Every structure is written in C-alpha cells, then in structure tokens.
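Please read the structure below before turning to the comments.
Laid out in structure tokens, this is it:
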C-alpha cells in the first residue's frame, strides 16, 4: 500500500522539533502483549504451538520406532515423560524464539541447531536408556532415533511454518526510512511467500538527534495503533546517526518487533563476526574471496557432488539424449561461450532445448526481450517440444556436471554470463568473478528471468563476500523444491 493512501499521512507525518516545545511530557507507556499488541501475541503463539507440536511428533515417532519396529523393548512411565524434554531442549537452544526475529521464517537456516537437538536428545536417551525403556538401546536403534528426530523435526517444522503462515494473519510491517528502501522491501515481500504485508512508511528526516520524549513517541505509538503494526523495519542511512539509534530505542519500547535494513551489508555481506571489546561492540568483516583451504574444501565438495550426480543421473541423461535426437535435428548438447572465474572464457554444456541455429535468430528476436540486461523471452519460438519440458524442470542443466568435473564450474556459485552480458558489468562489480560460476545459486532460486542484471550482480557479489560450505549446502537444498515446482526457465 502506498504511503499517501494510508488512513493517516504516515509518510508525511511531521515530528515536533525541539525548538517548538519547551516542556516535555513523560515518556508514554509502551504497548504490551496484554493490551496494545494482542494480535501479535496470538500470531507468534500460533507459530510456537505448531513448532512445539512438530517437535513432539518427531520424538514420539522416534520412540515408537526404536521400541516397536527396531527392538522388542517397552517404554517405562519415564519414557513417556521424556517427550516434553525435546520441547525444553528446543527452547534452551532458541528454536522457539528465532521466528519472532525474522520476516521470512525458514527451516533450512536452523538445520545446524536441529542437528544439535537430535544429537543431544539421542545421546541423553541412550545414556539413560534403562530409565526410559525395559532394556538397552543397540547401535541400530540409536541411529534410527537420531535420524528420525533430525529428519522429522526438519520436515515437520517446515510444514508447521507453512500451516501457521496460512492460518495466521499477515504480519503488518511499517517501514521507517527512505522511499527507495520502502519500494525495494515491498517488491521482495510481494514477489515471495513471506506471510507479511507492508502497511506504510514513515520518514526519518524529522526524527530528532537527541533523546526521545513524549511528542515523538506518541506519534509513533499512534501510527502503530491505527495501522495495527506488528513489526517496524528501520532502513538506516549510509552513515548511521543518532536519529537511527533513537528510532530503534523508541520502536523497541512500543512492544512491536523491530528489524533493521542496514546498507553496510550490501558491501560486506552477512558473514561478519561480532566482537565484544570489553563492552564495546566491534564488527569484524571477513576478507573478500576464499583462502586456499576454503578453495580446496569447495573444490572437493564440487568434485564429489558432480561425480555422484553423474553416476545417479547417468541413465536419465542417456534417455534425455535419445529423446532430443528423436524430437528435432541437431546435436544433443548445446555449447556456448560463458565467462568464468577471473574472466576466463569456457564452453558450457547444456542439453539442446532450441532448434539448431537458434543463436543466429537472436538478433531478429531482440525486440521481444522481456528481461533487464539479460535476453529472456517467455514464449521463445526457438524452443523445441522436449526443450520446454527440459527448461521447466531445469533438466537441461544436468550436463553442466561435466563442467564441474573439469573445474570450469561449481555446483553453487555466481551465474555464468554470456560474453555480451558480461561486458555490461564494470568496476567493483566484476569482483563477482572471484569465484567459479555455479550450476545453481541465489539467482536461480529467486528466478533468473525476473531479476534485473544490476540486482543479480549485487546478489553474486554478496555470495562471494559471505561464502561458506553451509551456504552452498543450503542453496542446493533450496534448489530441489525449485525444480520440483517446475518453475525453471
């Protein structure tokens, strides 16, 4: 919703200046879950209850399997009492408090903590098995219990969050900051399933640089009450001043959730370390690019994954090759020059999805291009019948596993651009080429045809700035539902 269509002129609200009032009223009492924000409490409570139910179901299923299927033991009374312990353990490691901090609530991000939860719960049950069951656990039972708890908590929590997103009202967000940040955030929320909606924007320009008193707090409190705000997102300026800090304090005092949209992360990425220098918080920014040991780890992961992929997908790739030859004349593989790491050219392998000689037709079809900076046409007349199926399922990219084995590509990385697209990228943006381009990445999951070239370059840069093996694993996991949803283009 645009700011000027709100019930009150939020974007143009004028906060009183210090010179206009000599006397200050006491700071107003903040909103609380008991009075000012009952909808927020109910919304977050639904998420917590469903996540707790998912954890209990996972633990109960694991107990049932180890005593009835993989053993002939029986549960003691203490065994039933052990079920709530998984909820307690989840609470202690922060698995129920995490969602209130996030707009986009995902399960894959908490996989390391779920691994810890499954390991700790299984270990405790194993050490005290005589207390919980009428026997002792064998190695197979322990492995089944661990795998079941980890797998079911992961998938159960994902389903619980989807259910909560459909059952709970949309999270209402008020943006405080410039209009550019507001529009960027609104586009992200509108194009992706987050369970959130933006209700307006308030400018930071008139916020005082000193302590907050009654008048400013009352305006912000009134806006939040009238718009039923659940979360305030503060889009900070390039240099964070006292006005931003005061706004954060005031927003936290209202009892609503607070998120920051810091510009600094557009440069340093999310891989930072918070250092406590004897009470003074310091942000440590990691070096750009990968160390030699990190490159070795990434290359080993790529080599193992690509060889395994070729072994598993080999029969399917042979069947697809036969189908392509029967569908239309021309070669099975389409090979095209792309720009790889450090600007080196290489020839990419893909299953041919277009008629033979499609590149020569590109010039006459350029007027129909639908992408910004890239060449994309939704109903491209050059695509063959089998090619449409391959593109919808992204199976046309399977031969790129050959490029990964040869070291020209990675399983995950920046998008490999063609020569004319790469020529549009200049200056610091070319540092995206510090890593080997990948078969998949943020650009593919977000929809490569929908992302303008300039934004895609930023995404690639941030991937390079914050690389970790865990980030590659997460992107590979997120690629699977993308392919199953048949959204590839």
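Numbering (the working numbering), first residue to last: 979 to 1467.
Glycine included, every Cβ here is placed at the ideal spot set by N, Cα and C.
Fair warning: this is a prediction, and the values are worked out from it, not measured in the lab.
Closest residue to residue i among the options (Cα-Cα distance)
i: residue 1429; options: 1092, 1049, 1165, 1074; result: 1165
i: residue 1054; options: 1107, 1081, 1442, 1019; result: 1107
i: residue 1104; options: 1273, 1121, 1021, 1094; result: 1121
i: residue 958; options: 1251, 1396, 1176, 1089; result: As shown, the chain starts at 979 and ends at 1467. That puts residue 958 outside it, with no answer to give.
i: residue 1317; options: 1079, 1395, 1270; result: 1395
i: residue 1312; options: 1285, 1264, 1279, 1374; result: 1374
i: residue 1453; options: 1442, 1390, 1461; result: 1390
i: residue 1128; options: 1069, 1157, 1092; result: 1092
i: residue 1468; options: 1057, 1460, 1284; result: The chain is shown from 979 up to 1467; residue 1468 falls before or after that span and cannot be answered.
i: residue 1080; options: 1381, 1321, 1331, 1234; result: 1234
i: residue 1403; options: 1440, 1276, 1277, 1321; result: 1321
i: residue 1072; options: 1029, 1060, 1272; result: 1029
i: residue 1450; options: 1131, 1195, 1277, 1307; result: 1277
i: residue 1330; options: 1363, 1157, 1263; result: 1363
i: residue 1134; options: 1440, 1039, 1082, 1325; result: 1039
i: residue 1392; options: 1434, 1358, 1406; result: 1434
i: residue 1368; options: 1126, 1309, 1299; result: 1299
Cβ neighbour criterion (16 or more within 10 Å) applied to residue i
i: residue 1421; result: buried
i: residue 1085; result: buried
i: residue 1256; result: exposed
i: residue 1115; result: buried
i: residue 995; result: Residue placement at residue 995 is flagged as unreliable, the pLDDT there being 42, under the threshold of 50; the coordinate-derived value follows with that caveat. The residue is exposed, with fewer than 16 neighbouring Cβ atoms inside 10 Å.
i: residue 1169; result: exposed
i: residue 1455; result: exposed
i: residue 1378; result: buried
i: residue 1088; result: buried
i: residue 1001; result: For residue 1001, the pLDDT reaches just 36, beneath the cut-off of 50, and the residue's location in the model is therefore unreliable, although a value from the coordinates is still provided. Per the 10 Å Cβ criterion, exposed.
i: residue 1090; result: exposed
i: residue 1222; result: buried
i: residue 1075; result: exposed
i: residue 1213; result: buried
i: residue 1003; result: Unreliable positioning characterises residue 1003 in this predicted model, as indicated by a pLDDT of 35, which lies under 50. The coordinate reading is nonetheless provided below. Counting Cβ neighbours within 10 Å, residue 1003 comes out exposed, since fewer than 16 surround it.
i: residue 1211; result: buried
i: residue 1401; result: exposed
i: residue 1314; result: exposed
For residue i, three-class secondary structure by DSSP
i: residue 1108; result: helix
i: residue 1273; result: helix
i: residue 1174; result: strand
i: residue 1195; result: helix
i: residue 1234; result: coil
i: residue 1005; result: Annotation note: pLDDT 36 at residue 1005 (below 50); position unreliable, no value reported.
i: residue 1209; result: strand
i: residue 964; result: The shown model of the chain, from 979 to 1467, leaves out residue 964, and the question about it has no answer.
i: residue 1074; result: coil
i: residue 1451; result: helix
i: residue 1281; result: helix
i: residue 1408; result: helix
i: residue 1360; result: coil
i: residue 1387; result: coil
i: residue 1223; result: helix
i: residue 1179; result: strand
i: residue 999; result: The predicted position of residue 999 is uncertain, since its pLDDT is 37 and thus under 50; no value can be drawn from it.
i: residue 1305; result: helix
i: residue 1320; result: helix
Residue range of the alpha helix (DSSP H) that includes residue i
i: residue 1368; result: 1363-1371
i: residue 1131; result: 1117-1145
i: residue 1032; result: 1016-1042
i: residue 1154; result: Residue 1154 -> not in any alpha helix (DSSP H); beta strand (DSSP E) instead, spanning 1149-1154.
i: residue 1378; result: 1378-1383
i: residue 1159; result: 1157-1169
i: residue 1262; result: That residue, residue 1262, is in no alpha helix (DSSP H); its beta strand (DSSP E) goes 1258-1263.
i: residue 1057; result: 1055-1059
i: residue 1080; result: Looking at the DSSP string, residue 1080 is not in any alpha helix (DSSP H), and its letter there is neither H nor E.
i: residue 1268; result: That residue, residue 1268, is in no alpha helix (DSSP H); it is neither H nor E in DSSP.
i: residue 1047; result: From DSSP, residue 1047 is part of no alpha helix (DSSP H); its letter is neither H nor E.
i: residue 1374; result: Premise fails: residue 1374 is in no alpha helix (DSSP H) and is neither H nor E.
i: residue 1431; result: 1431-1443
i: residue 1334; result: Careful: residue 1334 lies outside any alpha helix (DSSP H) and carries neither H nor E.
i: residue 1400; result: 1397-1400
Element boundaries [beta strand (DSSP E), containing residue i]
i: residue 1328; result: 1323-1329
i: residue 1317; result: 1311-1317
i: residue 1417; result: 1416-1418
Report task. Tell me, please, whether the segment 1052-1065 touches the segment 1027-1036 by the rule of three or more beta-carbon pairs shorter than 8 angstroms. Result -> Result yes; three or more Cβ-Cβ pairs closer than 8 angstroms.
Query raised in the report: Is the number of C-beta pairs between the segment 1407-1416 and the segment 1381-1396 that are closer than 8 angstroms three or more?
Result: Yes: the two stretches touch, three or more of their Cβ pairs being nearer than 8 angstroms.
Requested in this report: Evaluate the contact criterion for the segment 1097-1109 versus the segment 1226-1241: three or more CB pairs, one atom per stretch, below 8 angstroms.
Outcome: With fewer than three CB-CB distances shorter than 8 angstroms, the segment 1097-1109 does not count as touching the segment 1226-1241.
**Report entry** contact_flag[the segment 1142-1152, the segment 1203-1214] where n(CB pairs < 8 angstroms) is 3 or more
**Finding:** Yes, they touch.
Query raised in the report: Taking one C-beta from the segment 1265-1274 and one from the segment 1431-1446 each time, how about it: are there three or more such pairs within less than 8 angstroms?
Result: With the cut-off at 8 angstroms, the segment 1265-1274 and the segment 1431-1446 touch.
**Report entry** the segment 1017-1029 touching the segment 1133-1141, judged by at least three CB pairs closer than 8 angstroms
**Finding:** Taking 8 angstroms as the limit for Cβ pairs, the verdict is that the segment 1133-1141 does touch the segment 1017-1029.
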